[in-house]
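Reading through the structure tokens given below for one structure.
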Amino acid sequence: MADRVMECTHLWKTYKPNLIAVKDVYFKIDEGDIKLVFGPSGSGKSTFLRCMAMLTLPDKGDVFLRDECLTKPGVDLNKARARIGFVFQHIYLFRHLSTVGNVELALRRVLKMSKSEARQRAMQALSDVKMEQWANNYPAQLSGGQQQRVGIARAIVRNPDIILLDEPTSALDPELTGEVIDTLRDLAAKGTTMLIVSHEMPFAREVADEMIFYDEGTIVETGTPEQFFTNPQSDRAKKFMTRLILKTKRE
Amino acid sequence: MLTPMLDIGQSLLNGFTFTVELTIIGIFGGLGIGILLAIGDMYGGRLVSALIRVYVEIFRGSPIIVQLFIGQYAIPQLAQFLIVHYGLPSFFLVAMNPYVTIFLVFALNSGAYQKGYIKGAMETVFEDQMMAGLSVGMSKAQTVFFIILPQALRIVIPAWSNEFCSLTKSTSAVALIGFTDLTMAGKDIAGLTYDVIGAYSLVAVIYLGWITLFTKIADVIYEKKKIPGIELSA
Chain A
3 MADRVMECTH LWKTYKPNLI AVKDVYFKID EGDIKLVFGP SGSGKSTFLR
53 CMAMLTLPDK GDVFLRDECL TKPGVDLNKA RARIGFVFQH IYLFRHLSTV
103 GNVELALRRV LKMSKSEARQ RAMQALSDVK MEQWANNYPA QLSGGQQQRV
153 GIARAIVRNP DIILLDEPTS ALDPELTGEV IDTLRDLAAK GTTMLIVSHE
203 MPFAREVADE MIFYDEGTIV ETGTPEQFFT NPQSDRAKKF MTRLILKTKR
253 E
Chain B
3 MLTPMLDIGQ SLLNGFTFTV ELTIIGIFGG LGIGILLAIG DMYGGRLVSA
53 LIRVYVEIFR GSPIIVQLFI GQYAIPQLAQ FLIVHYGLPS FFLVAMNPYV
103 TIFLVFALNS GAYQKGYIKG AMETVFEDQM MAGLSVGMSK AQTVFFIILP
153 QALRIVIPAW SNEFCSLTKS TSAVALIGFT DLTMAGKDIA GLTYDVIGAY
203 SLVAVIYLGW ITLFTKIADV IYEKKKIPGI ELSA
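In order, the protein sequences belong to chains A and B.
Here this note's numbering is used: the first residue of the first sequence is 3, the next is one more, and so on.
Here this note's numbering is used: the first residue of the second sequence is 3, the next is one more, and so on.
Here's what the structure looks like:
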């Protein structure tokens, strides 16, 4: 049996006034799993992901990273977050730092590595996402796809236990999406544990072990990609999949 | 003829030196105070934020000359009273020498204005950059120090340069409490030579030169520190 990497139980997050983004959610991901969350806009997927990373603190429920309960009082959340890689929809690179500066900052300041060791690790991570030749460029000098690959390098450079990706391609043009998907494909091939919010259905079908349909703050249905593509169970998932497949075909 | 000319030169030099000291200490002291106040206002909680607002309103809402009078006369009297009646260590009176208080007043006054510029700049970079900093395992303090402040301070340079111009001109208020700055030196020279237009024109040119030099330096720093690919706006 594979080791548990992350788990949440009875997770709740409510925004005022009475907007429930996460409603009593149970979720578990094991070592090497790739799980893909999809669902309508505004259904709370991003909040769920941020609660898992403790970037948004849940109102109720527990989040576990390996054997550590992150919602317990007194837990060092900074240390815990250092073990989780997070990739944002809108990328959020540090604008005043070069590409390599973005990737090595946490190695220096959080993991307290020496300058040379941090630089070496950062260059390796940039090489993994095929961005080493832009190491000295600043974020605003890169295309959206390149920026997102740097975002992925920043997330993987600490060898985190898991990488959470919040719609990593949705802010990109279709032609730039491909290069990010290729990078994620490489990570998948290396056995990286990933929880991805995405609507990239061909990619999901190719790499996801499990797909999760999320709507109105809760997990409505889970299953393999094949199940979702051929026979989704709930009406909501059926309708959503039909729309997604049509959209993908049009593109 | 030569002696009066030397006197005039010496007087201008002394006055100008004092004006430069006041503006440099005021602007950099104010920068340190402004950074602390901006951070305190953003992260210090409601009580700290309310206290900072009171501080800022006091310094922005009263004339600098009034603040100088209070610093120069009222505070030493208060310190004396506290020493005599409540056993305050006499060190405080020594520390309250006239020069220390006026430098302090300018730094505190400028800090109240600079806090607004710095906080505004921090807010423009705050949300996504704080989230990104936390996501890589950095603490809030590390994120502020290594990510938010370096960007905010770049953005704030043009506003900071304006604050310098304003502060330099405000320093002439010290003449009213008996200090000889550049303006007071001009007044002395006008009295000595009976050439009011010449004396004050010379003083104006020196102010203009000093302000132009500093703002040009600030422009160069702004250009050098500009984040590549991003046009910053104040």
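In this text, a Cβ means the ideal position worked out from N, Cα and C, and glycines have one as well.
Here the structure is a predicted model, which is why all the values come from computation and not from measurement.
* Does the beta carbon of residue 142 of chain A sit closer than 8 Å to a beta carbon anywhere in chain B? -> Residue numbering aside, residue 142 of chain A sits at position 140 when the first sequence is read from its first letter. By this cut-off, residue 142 of chain A is an interface position.
* To do: Identify, in the order they occur along the chain, each residue of the same chain with its Cβ nearer than 6 Å to the Cβ of residue 132 of chain B, setting aside the five sequence neighbours on each side.
  => In the second sequence, counting from the first residue as 1, residue 132 of chain B sits at position 130. Excluding positions up to five away in sequence, the list reads 145.
* N-terminal and C-terminal residue of the beta strand (DSSP E) that residue 159 of chain A is part of -> For this step, residue 159 of chain A is matched to residue 157 along the first sequence. No beta strand (DSSP E) holds residue 159 of chain A; DSSP gives it neither H nor E.
* Please classify residue 173 of chain A: does DSSP put it in a helix, a strand, or coil? => Numbered from 1 along the first sequence, position 171 holds the residue referred to as residue 173 of chain A. The answer is coil: DSSP assigns residue 173 of chain A none of H, G, I, E or B.
* Is it true that the CB of residue 196 of chain A sits closer than 8 Å to the CB of residue 221 of chain A? -> What you label residue 221 of chain A is simply residue 219 of the first sequence in a count that begins at 1. What you label residue 196 of chain A is simply residue 194 of the first sequence in a count that begins at 1. Taking 8 Å as the cut-off, the Cβ atoms of residue 221 of chain A and residue 196 of chain A do not count as close.
* **DSSP three-state assignment for residue 12 of chain A, whether helix, strand or coil** => Here residue 12 of chain A is taken as the residue at index 10 of the first sequence, counted from 1. DSSP places residue 12 of chain A in strand when its eight states are reduced to three.
* Would you check if the segment 72 to 83 of chain A and the segment 127 to 146 of chain A touch, i.e. whether three or more CB-CB distances between them fall below 8 Å? => A contact between stretches requires three or more CB pairs, one per stretch, nearer than 8 Å, and the segment 127 to 146 of chain A fails this requirement with the segment 72 to 83 of chain A.
* Please list the residues of the segment 109 to 124 of chain B that have a C-beta atom closer than 7 Å to any C-beta atom in chain A, keeping them in chain order. => none
* Asked: Using DSSP with H/G/I as helix, E/B as strand and the rest coil, what is residue 64 of chain A?
  -> The residue you call residue 64 of chain A lines up with position 62 of the first sequence. Residue 64 of chain A falls in the strand class under three-state DSSP.
* Please state if the CB of residue 24 of chain B and the CB of residue 173 of chain B are separated by a distance shorter than 8 Å. => Here residue 173 of chain B is taken as the residue at index 171 of the second sequence, counted from 1. Here residue 24 of chain B is taken as the residue at index 22 of the second sequence, counted from 1. Yes, they are a contact pair.
* **Check whether residue 214 of chain A and residue 37 of chain A have beta carbons under 8 Å apart** => By 1-based counting over the first sequence, the position of residue 214 of chain A is 212. By 1-based counting over the first sequence, the position of residue 37 of chain A is 35. Taking 8 Å as the Cβ cut-off, residue 214 of chain A and residue 37 of chain A qualify as a contacting pair.
* Looking only at C-alpha atoms, which of B:156, B:65, B:124, B:228 sits nearest to residue 169 of chain B? -> Position 167 of the second sequence holds residue 169 of chain B. Checking every option, the nearest Cα to that of residue 169 of chain B belongs to B:65.
* Identify which residue in A:18, A:40, A:10, A:19 has its Cα closest to the Cα of residue 2 of chain A. => This structure gives no information on residue 2 of chain A, because the portion of chain A shown stretches from 3 to 253.
* **Beta-carbon spacing of residue 111 of chain B, residue 69 of chain B below 8 Å** => By one-based count along the second sequence, residue 111 of chain B stands at place 109. By one-based count along the second sequence, residue 69 of chain B stands at place 67. In contact: residue 111 of chain B and residue 69 of chain B (Cβ atoms closer than 8 Å).
* Where does the unbroken beta strand (DSSP E) through residue 40 of chain A begin, and where does it stop? -> In the first sequence, the residue the question calls residue 40 of chain A occupies position 38. That run of the beta strand (DSSP E) goes 36 to 40.
* To do: Using alpha carbons as the reference points, say which of B:163, B:203, B:176 lies closest to residue 223 of chain B.
  => Counting from one through the second sequence, the residue named residue 223 of chain B turns up at place 221. Nearest of B:163, B:203, B:176 to residue 223 of chain B, Cα basis: B:163.
* To do: Using a cut-off of 8 Å between C-beta atoms, extract the partners of residue 156 of chain B located in chain A.
  => The residue given as residue 156 of chain B occupies position 154 in the second sequence. By Cβ distance, chain A contributes 98.
* To do: Kindly say whether residue 107 of chain A, judged by its beta-carbon, lies nearer than 8 Å to any beta-carbon of chain B.
  => Against the first sequence, residue 107 of chain A aligns to sequence position 105. So, interface residue.
* From what residue to what residue does the alpha helix (DSSP H) around residue 21 of chain A run? -> Here the question's residue 21 of chain A lines up with position 19 in the first sequence. Note, residue 21 of chain A: premise wrong, no alpha helix (DSSP H); beta strand (DSSP E) at 21 to 32.
* Three CB pairs or more closer than 8 Å across the segment 121 to 131 of chain B and the segment 34 to 50 of chain B -> Between the segment 121 to 131 of chain B and the segment 34 to 50 of chain B, the count of C-beta pairs closer than 8 Å reaches three or more; the two stretches touch.
* To do: Compare the C-beta of residue 262 of chain A against all C-beta atoms of chain B and say whether one is closer than 8 Å.
  => Nothing about residue 262 of chain A can be reported from this structure: the residues present for chain A run from 3 to 253 only.
* Among the residues of its own chain, which have a CB less than 8 Å from the CB of residue 77 of chain A, if the five just before and after it don't count? -> In the first sequence, residue 77 of chain A corresponds to position 75, counting from 1. So the list reads 70, 71, once near-sequence residues are dropped.
* Using the Cα positions of residue 235 of chain B and residue 157 of chain B, report the straight-line distance between them to the nearest angstrom. => Locating residue 235 of chain B in the second sequence gives position 233, where the first residue counts as 1. Locating residue 157 of chain B in the second sequence gives position 155, where the first residue counts as 1. Low local confidence applies: a pLDDT of 46 at residue 235 of chain B is under 50, so the model's placement there is unreliable, with the coordinate-based value given in what follows. Their Cα atoms are separated by approximately 6 Å.
* **Where residue 136 of chain B meets chain A, residues with beta-carbon distance less than 7 Å** => Locating residue 136 of chain B in the second sequence gives position 134, counting from the first residue. The contacting residues are 57, 83.
* Asked: Contact between the segment 12 to 24 of chain B and the segment 182 to 200 of chain B: three or more CB pairs below 8 Å?
  -> yes
* Would you say residue 66 of chain A reaches chain B, if we count a Cβ-Cβ gap shorter than 8 Å as a contact? -> Numbered from its first residue, the first sequence carries residue 66 of chain A at position 64. Chain B contact via Cβ: absent.
* Neighbourhood of residue 190 of chain B by C-beta, 6 Å cutoff - its chain only, sequence neighbours within 5 removed -> Mapped onto the second sequence, residue 190 of chain B falls at position 188. 13.
* **Same chain, Cβ closer than 7 Å to residue 209 of chain A, neighbours up to 5 away in sequence not counted** => On the first sequence, position 207 is the one that residue 209 of chain A refers to. Result list for residue 209 of chain A: 36, 187, 190, in chain order.
* Specify the secondary structure class of residue 197 of chain B as computed by DSSP and reduced to three states. => Counted from its first residue, the second sequence places residue 197 of chain B at position 195. Three-state DSSP puts residue 197 of chain B in coil, outside helix and strand.
* **Beta-carbon proximity check, residue 10 of chain A vs residue 29 of chain A, cutoff 8 Å** => Locating residue 10 of chain A in the first sequence gives position 8, counting from the first residue. Locating residue 29 of chain A in the first sequence gives position 27, counting from the first residue. Yes, these two residues count as a Cβ contact at 8 Å.
* Which stretch, first to last residue, makes up the alpha helix (DSSP H) that contains residue 213 of chain A? -> Here residue 213 of chain A corresponds to residue number 211 of the first sequence, with the count starting at 1. Taken as a continuous stretch (DSSP letters only), residue 213 of chain A belongs to no alpha helix (DSSP H), being part of the beta strand (DSSP E) at 212 to 217.
* Would you call the CB atoms of residue 128 of chain A and residue 146 of chain A closer than 8 Å? -> To locate residue 128 of chain A, count along the first sequence from 1; it is residue 126. To locate residue 146 of chain A, count along the first sequence from 1; it is residue 144. Not closer than 8 Å, so no.
* To do: State buried or exposed for residue 80 of chain A, treating a residue as buried only when at least 16 other CB atoms are found within 10 Å of its CB.
  => Counting from 1 along the first sequence, the entry for residue 80 of chain A is found at position 78. It is buried - the Cβ of residue 80 of chain A has at least 16 other Cβ atoms within 10 Å.
* To do: Under 8 Å between beta-carbons, which chain A residues line up against residue 229 of chain B? List them in chain order, please.
  => Counting from 1 along the second sequence, the entry for residue 229 of chain B is found at position 227. Those within 8 Å of residue 229 of chain B in chain A are 97, 98, 140, 142.
* Where does residue 28 of chain B sit, in a helix, a strand or coil, going by DSSP? -> Sequence index remark: in the second sequence, residue 28 of chain B carries index 26 (1-based). Assigned with DSSP and collapsed to three states, residue 28 of chain B falls in helix.
* To do: Kindly say whether residue 139 of chain B, judged by its beta-carbon, lies nearer than 8 Å to any beta-carbon of chain A.
  => Position 137 of the second sequence holds residue 139 of chain B. It does; some Cβ of chain A falls within 8 Å.
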